[in-house]
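Number 103 in UniProt numbering belongs to position 103 of the sequence shown; there are no gaps in the numbering. For each residue, glycine too, the CB sits at the ideal point set by N, CA and C.
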Amino acid sequence: MSHHHHLSRQLSSSTGTTVSRQTLYRCLGHIGLYARRLVRCVPLTATHCRLRLTWSREHVLWTPQQWSCVMFSDNSRFSLQFDSRRTLIWRAPGTRYHQENTIERHRYGGAGWFVWGGIILGSRTDLYVQRVTMTGHIYRDVVLEQHVRLFRRAMGAEFLFMNDNARPHRANIVDEYLQSEDITRVDWPAYSWD
Numbered sequence: 001m002s003h004h005h006h007l008s009r010q011l012s013s014s015t016g017t018t019v020s021r022q023t024l025y026r027c028l029g030h031i032g033l034y035a036r037r038l039v040r041c042v043p044l045t046a047t048h049c050r051l052r053l054t055w056s057r058e059h060v061l062w063t064p065q066q067w068s069c070v071m072f073s074d075n076s077r078f079s080l081q082f083d084s085r086r087t088l089i090w091r092a093p094g095t096r097y098h099q100e101n102t103i104e105r106h107r108y109g110g111a112g113w114f115v116w117g118g119i120i121l122g123s124r125t126d127l128y129v130q131r132v133t134m135t136g137h138i139y140r141d142v143v144l145e146q147h148v149r150l151f152r153r154a155m156g157a158e159f160l161f162m163n164d165n166a167r168p169h170r171a172n173i174v175d176e177y178l179q180s181e182d183i184t185r186v187d188w189p190a191y192s193w194d
């Protein structure tokens, strides 16, 4: 049953008055409620929140010079599955991110394309695009070997590499490779705002 039908039935059962959908929408608008889609967010545990706060506090006083040595890398998976996002809710302005107005969705599902890239002050890597799922082996052989290693060699020992905690990035072969190439990784909390 749609949200407006539910509201209409509640009103009818409590007051005996029947109203049209348009009247209901207009009345809700007069009190500051408008139809909006739920905001998607990843499910965060108390531990995730604590780790995010700790990371932020550790890096809040970093200088621009320190940040200029960090390569930020990120990847995104583009799903080929359809998500209509047709679920609407009624909410007041300024309440978009309130818990009752969000719906938890894991970031990816289904077949798609994987895209990786890195940026550093004044430069960037080429984008790496692939159709297959990212594994630790592919991450090491393509992303690290063909992209990150080159920046590390050009910048020297000050170079820091930041990636998220995705499983392929934390594989033993990746850790061993980073250590063998003397690439220092900046820790990044799981489910971070990247």
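Around the C-beta of residue i, are 16 or more other C-beta atoms found within 10 angstroms, so that it is buried, or is it exposed?
i: residue 78; result: exposed
i: residue 118; result: buried
i: residue 165; result: exposed
i: residue 14; result: exposed
i: residue 103; result: exposed
i: residue 147; result: buried
i: residue 70; result: buried
i: residue 120; result: buried
Here's a check: name, in chain order, each residue in its chain whose Cβ is nearer than 6 Å to the Cβ of residue i, leaving out the five neighbours to either side.
i: residue 116; result: 75, 128 and 143
i: residue 136; result: 168, 171, 173 and 174
i: residue 163; result: 73 and 169
i: residue 149; result: 181
Which first and last residues belong to the alpha helix (DSSP H) in which residue i is found?
i: residue 199; result: Examination of residue 199 is not possible in this model, given that the chain is present from 1 through 194 alone.
i: residue 67; result: 64-67
Provide the residue span of the beta strand (DSSP E) that contains residue i, from first to last.
i: residue 91; result: 88-91
i: residue 75; result: 70-79
Once you ignore the five residues that flank residue i on each side, which residues in its own chain have a CB closer than 7 Å to its CB?
i: residue 19; result: 8 and 11
i: residue 22; result: none
i: residue 125; result: 117, 118 and 147
i: residue 195; result: The structure shown does not extend to residue 195, since the chain spans only 1 to 194, so no value can be given for it.
Please report whether the beta-carbon of residue i lies at a distance below 8 Å from any beta-carbon of chain D.
i: residue 138; result: In the displayed structure, chain D is absent; only one protein chain is listed.
Ordered along the chain, which non-local residues of its own chain (more than five positions away) have a Cβ less than 8 Å from that of residue i?
i: residue 152; result: 159, 161, 181, 182 and 183
i: residue 133; result: 114
i: residue 96; result: 36 and 39
- Flag this pair as touching only if the segment 55-73 and the segment 7-15 have three or more C-beta atom pairs under 8 Å; answer yes or no. no
- Task: Scan the UniProt domain "Transposase Tc1-like" (7-60) and note each continuous beta strand (DSSP E) run of 3 residues or more that stays entirely inside, going in chain order.
- Result: 34-37 and 39-41
- Query: Does the segment 32-50 come within contact of the segment 85-104, defined as at least 3 CB pairs closer than 8 Å?
  - Reply: yes
- Message: For the segment 159-178 against the segment 131-141, do three or more pairs of beta-carbon atoms, one drawn from each stretch, fall closer than 8 Å, so that the two count as touching?
- Response: yes
- Query: Unbroken beta strand (DSSP E) runs of length 3 or more, entirely within the segment 120-190: which are they?
  - Reply: 128-130, 160-162 and 184-186
- Query: Are there three or more Cβ pairs, one per stretch, closer than 8 Å when the segment 182-191 is compared with the segment 51-58?
  - Reply: yes
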